[in-house]
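Enquirer: Would you mind keeping the following structure in view while I ask a few things?
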Amino acid sequence: MARTGAKTGPNRAGGSKRMSSSARAGLTFPLGRVRTKLKKTLGKGRRLTWGAAAYTTAVMEYLSAEVLEIAGNVARDFKVRRMTPRHILLAVHNDQELAQLLKDVTMPSSGVLPFIHQNLLPKGKQTATTSASTSPAATSASAKKRPAKAAKPKPVAAKKPAPVAKQASVQKAKGGSTLLNEKTLARSGVKLSVIQGDITDIACDALVNPTDSSFSLSGQVGSHLAKVGGPAFTQIVQKAVAAGKKIDTTEAVITEGAGFGASFVVHCNGPKWNQGNAAEAISQLQTTVQSCLNVADSKKLKSIAFPSIGSGVGKFPKQTAAETILRSLDAYFSETNKTTVKHVFFVLHDKESVDVYVTELAKLA
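Heads up: the sequence shown begins at 1 in full-length UniProt numbering, then just goes up one per residue.
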């Protein structure tokens, strides 16, 4: 006989049907399992009444139904029939009480809700992304139909901004650079920021360029730096090559920047992914990241911007690369007492990299 919520069959007295504790309490969620879990959590010697377990189960059932209802409304607004984790995330952030309750919860495969810091916006301009970040409801299709109800932030130029350090700003806003997540490491006090945008727009002391031993600018980041920096930056790199400089694997060399937000460029020669010897590849990537930070400290720099090292030409899985880089940074700053770096940017483009870095950043202490 298949199991159901209410157990059937004659009881000891015969005749009547046996009912589960959930059915007797008028609940759908498994009251017995919730009570068992609570008893294990409380430990031996602590009493737990059935009423307390029933109340807890009822609250869980109510919250689940509430989330599903408003998530269904979001899916309806998007005119889709299937509900996804993205709809649940939007629904939670549209409800003030649920957003406060679940503020520390990470929802897998749900994407992110961008929060655009005013320092990342061009002065005197009001972009469409500004209103989207001010109100989570603006991301839904229903908000697009009723723009008058969406929050209308004041232009950045309307009020006098507070003084901001150079490492926490963006020089330009081509395409709209967006601050997605930010965390300050508890042990070192270094701030880590995940940004979706153009790395040449970030006004920082240095940015990282993944390259090879000969300072090649053929990579995704290198070619973009050559395009934005123009002949001035290309000549700087050519002078380094002419001087006989080479970059061994896992090592880093610094040159001046030109034509973009960063004053310096840290060129690093990262490893290639090796499925047969993944441990060695991960170890080399850790060393590469620490080499970049060592070079930055040698110049007494305060801020540095990283792309997703290794996940391009290096062919590292993006999840592995992000986890390795973030943990390497955390370990470096925890072990180094005299570091001058106070702010690290992770500047990304594609959604997969953004999701991975936001998720991994949330795991750091």
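Cβ atoms here follow ideal geometry from the backbone N, Cα and C, with glycine treated the same way.
1) Mark Leu101 as exposed unless 16 or more other C-beta atoms lie within 10 angstroms of its C-beta, in which case mark it buried.
2) Does the beta-carbon of Ala186 have 16 or more other beta-carbons within 10 angstroms, so that it is buried, or is it exposed?
3) Which of helix, strand or coil does DSSP assign to Ser303?
4) If you run the structure through DSSP and keep just helix, strand and coil, what is residue 395?
5) Rounding to the nearest angstrom, what Cα-Cα distance links Val105 and Glu360 in this structure?
6) Distance, Cα to Cα, Gly241 vs Ala331?
7) Check this for me: beta carbons of Ile247 and Thr211, under 9 Å apart or not?
8) Measuring alpha carbon to alpha carbon, tell me which residue in Thr336, Asn337, Thr340, Ser308 is nearest residue 375.
9) Using a threshold of 9 Å, state whether the C-beta atoms of Phe260 and Ala206 are closer than that.
10) Are the CB atoms of Gln196 and Val356 nearer to each other than 9 Å?
11) Does Asn73 come out as helix, strand or coil in the three-state DSSP assignment?
12) Would you check if the distance between the CB atom of Val221 and the CB atom of Ala252 is smaller than 9 Å?
13) Taking Cβ positions, are Pro333 and Val194 nearer each other than 9 Å?
14) Just to confirm, is the Cβ distance from Gly270 to Thr255 under 9 Å?
15) Can you list the alpha helix (DSSP H) stretches of 4 or more residues lying completely in the stretch 233-259, in chain order?
16) Starting from the C-beta of Thr249, find all residues in its chain whose C-beta is less than 7 Å away, skip the five residues before and the five after it, and write them out in chain order.
17) Look at Thr200 and Leu217 and say whether their C-beta atoms are less than 9 Å apart.
18) Roughly how many whole angstroms lie between the Cα atoms of Ala141 and Asp95?
19) What does the Cβ neighbour count give for Arg86, buried or exposed, with the cut at 16 atoms within 10 Å?
20) Under the rule that 16 or more other beta-carbon atoms within 10 Å means buried, what is Ser353, buried or exposed?
21) How many Å lie between Ala99 and Lys17 at the Cα?
22) Who does Cys268 pair with in a DSSP beta bridge?
23) Tell me, please, which residues DSSP counts as bridged to Ile88.
24) Just to confirm the assignment, what range does the alpha helix (DSSP H) spanning Thr41 have?
25) Could you pull out every residue in the same chain whose Cβ sits closer than 6 Å to the Cβ of Leu293, ignoring the five residues on either side in sequence?
26) So, under 8 Å CB-CB, Ala52 and Leu31 are touching, yes? Tell me the CB distance rounded to an integer number of Å.
27) Out of Ile282, Ala243, Pro231, point me to the one whose CA is closest to Ala258's CA.
28) Provide the residue(s) that pair with His343 in DSSP beta bridges, ordered along the chain.
29) Which residue wins for smallest C-alpha separation from Ile282, given the options Arg327, Glu61, His267, Arg76?
30) Which same chain residues end up closer than 7 Å to Ile70 when comparing Cβ atoms and leaving out the 5 residues on each side of it in sequence?
31) Would DSSP call Tyr332 helix, strand or coil?
32) Do Arg35 and Ser20 count as a contact pair if the criterion is CB distance below 9 Å?
Expert: Inspection of the coordinates gives the following:
1) Counting from 1 along the sequence shown, the entry for residue 101 is found at position 101. With fewer than 16 Cβ atoms within 10 Å of its Cβ, Leu101 is classed as exposed.
2) Translated into positions along the sequence shown, residue 186 becomes position 186. It is exposed - the Cβ of Ala186 has fewer than 16 other Cβ atoms within 10 Å.
3) As a position in the sequence shown, residue 303 is number 303, starting the count at 1. For Ser303, the secondary structure class from DSSP, reduced to helix, strand or coil, is strand.
4) Residue 395 lies beyond the stretch modelled for the chain, which goes from 1 to 365, so this question has no answer here.
5) Here residue 105 refers to the residue found at position 105 when the sequence shown is read from its first residue. Here residue 360 refers to the residue found at position 360 when the sequence shown is read from its first residue. For Val105 and Glu360, the distance between alpha carbons rounds to 13 Å.
6) Stepping through the sequence shown from its first residue, residue 241 is reached at position 241. Stepping through the sequence shown from its first residue, residue 331 is reached at position 331. The residue you asked about is not Gly; residue 241 is Val in the sequence shown. Spanning the two alpha carbons is a distance of roughly 32 Å.
7) Position 247 of the sequence shown, counting from 1, holds the residue named residue 247. Position 211 of the sequence shown, counting from 1, holds the residue named residue 211. In this structure, Ile247 sits near Thr211, with a CB-CB distance shorter than 9 Å.
8) With the chain covering only 1 through 365, there is no way to say anything about residue 375.
9) As a first step, residue 260 must be located in the sequence shown, where it is residue number 260. As a first step, residue 206 must be located in the sequence shown, where it is residue number 206. Not a contact, by the Cβ cut-off of 9 Å.
10) Counting from one through the sequence shown, the residue named residue 196 turns up at place 196. Counting from one through the sequence shown, the residue named residue 356 turns up at place 356. No, the pair does not count as a contact, with Cβ atoms beyond the cut-off.
11) Taking the first residue of the sequence shown as 1, we reach residue 73 at position 73. It is helical.
12) Position 221 of the sequence shown, counted from the first residue, corresponds to residue 221. Position 252 of the sequence shown, counted from the first residue, corresponds to residue 252. No, they are not a contact pair.
13) The count along the sequence shown starts at 1 and reaches residue 333 at position 333. The count along the sequence shown starts at 1 and reaches residue 194 at position 194. At residue 333 the sequence reads Phe, which differs from the Pro that was named. Taking 9 Å as the Cβ cut-off, Phe333 and Val194 do not qualify as a contacting pair.
14) As a working note, residue 270 is residue 270 in the sequence shown. As a working note, residue 255 is residue 255 in the sequence shown. Going by C-beta atoms, Gly270 is not nearer than 9 Å to Thr255.
15) Contiguous alpha helix (DSSP H) elements confined to the stretch 233-259 do not occur, taking only those with 4 or more residues.
16) Locating residue 249 in the sequence shown gives position 249, counting from the first residue. Excluding positions up to five away in sequence, the list reads Asn269, Pro271, Gln284.
17) Counting from 1 along the sequence shown, the entry for residue 200 is found at position 200. Counting from 1 along the sequence shown, the entry for residue 217 is found at position 217. No, the Cβ-Cβ distance between Thr200 and Leu217 is not below 9 Å.
18) Counting from one through the sequence shown, the residue named residue 141 turns up at place 141. Counting from one through the sequence shown, the residue named residue 95 turns up at place 95. Reliability fails at Ala141, whose pLDDT of 40 lies under 50, so the model's placement of it is uncertain and no value is given.
19) Working through the sequence shown from its first residue, we reach residue 86 at position 86. With 16 or more other Cβ atoms from the protein chains shown falling within 10 Å of its own Cβ, Arg86 counts as buried.
20) To locate residue 353, count along the sequence shown from 1; it is residue 353. Burial call: buried.
21) Position 99 of the sequence shown holds residue 99. Position 17 of the sequence shown holds residue 17. Whole-angstrom Cα-Cα distance: 43 Å.
22) Taking the first residue of the sequence shown as position 1, residue 268 is located at position 268. Looking at the DSSP output, Cys268 bridges to Pro210, Ala252.
23) What you label residue 88 is simply residue 88 of the sequence shown in a count that begins at 1. Secondary-structure assignment with DSSP links Ile88 through no beta bridge to anything.
24) Against the sequence shown, residue 41 aligns to sequence position 41. Residues 31-42.
25) Stepping through the sequence shown from its first residue, residue 293 is reached at position 293. Excluding residues within five positions, the ones whose Cβ falls inside 6 Å are Tyr332.
26) Mapped onto the sequence shown, residue 52 falls at position 52. Mapped onto the sequence shown, residue 31 falls at position 31. Beta-carbon to beta-carbon, Ala52 and Leu31 are separated by about 11 Å, too far to satisfy the 8 Å threshold.
27) One-based indexing of the sequence shown puts residue 258 at position 258. Closest option to Ala258, Cα to Cα, is Pro231.
28) As a first step, residue 343 must be located in the sequence shown, where it is residue number 343. Paired residues: Lys191, Ser303.
29) Taking the sequence shown and counting its residues from 1, the one referred to as residue 282 is at position 282. If we check each option's Cα against that of Ile282, Arg327 comes out closest.
30) Position 70 of the sequence shown, counted from the first residue, corresponds to residue 70. Taken in chain order, the residues that qualify are Ala91, Asn94, Asp95.
31) By one-based count along the sequence shown, residue 332 stands at place 332. Tyr332 falls in the helix class under three-state DSSP.
32) Your numbering for residue 20 matches position 20 in the sequence shown. Your numbering for residue 35 matches position 35 in the sequence shown. No, Cβ-Cβ distance for Ser20 and Arg35 is not below 9 Å.
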